[in-house]
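Scroll down for the structure; my scribbles are underneath it.
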Amino acid sequence: MNIKPYSRKAHYYETDQMGIIHHANYIHWLEEARVDFMEQIGFGYDRAVSSGIDFALLGVSCEYKSMVRFNDIVEIRVSFASLTPVQMTVRYQITDVESGKLRAVGESRHCYFDSNKKRLVSLKKVLPELYDLFASFSPEEGAKE
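Oh and the sequence shown: position 34 is 1294 in our numbering, straight run, nothing missing.
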């Protein structure tokens, strides 16, 4: 399956007093890209949530390489750094569309959470279809148990 990068135009309201995108907005962009990735693989975030599964955030990081300014268009590539039945680490690469220059790299770590029972679950057991989709994009191909 060919996954397209998530494309995003930087808005004026996202800038700070220096005219660059405020650092907090990058975290929002990572989430937007992750949700877009799930839609592209055919298992939207809303479908997972309606199945009673959510992705509890355990940690997020973003390393800024160069500035994004108002009206810049960036692409965000999503990949898996790791995947297990109980958690995943998603990697992001933000690049400028026009120049190809790397703007930021990030990661988010999530566990799988049953929102009805209020407990952690094995995605491989409760939503094997989604786990298998994720595994097909994982460098370990879901090998970690």
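All C-beta atoms in this analysis are idealised placements derived from N, C-alpha and C, irrespective of residue type, glycine included.
Since the structure is predicted, the reported quantities are computational estimates derived from the model, not experimental observations.
Query: Among N1376, P1399, D1392 and F1397, whose alpha-carbon lies nearest the alpha-carbon of S1311?; Result: N1376
Query: Taking the beta carbon of S1398 as the centre, do at least 16 other beta carbons fall within 10 Å, making it buried, or is it exposed?; Result: buried
Query: Using alpha carbons as the reference points, say which of F1297, Q1300, L1390 and V1328 lies closest to H1283.; Result: V1328
Query: Based on Cα-Cα distance, which residue from E1358, Y1352 and E1274 lies nearest to F1297?; Result: Y1352
Query: If distances are taken between C-alpha atoms only, which option among S1359, I1354, R1369 and Y1372 comes closest to W1289?; Result: I1354
Query: From which residue to which residue does the beta strand (DSSP E) around H1370 run?; Result: L1362 to D1374
Query: To the nearest angstrom, report how far apart L1393 and Q1300 are at their CA atoms.; Result: 11 Å
Query: Rounded to whole angstroms, what is the Cα-Cα separation between G1302 and A1308?; Result: 11 Å
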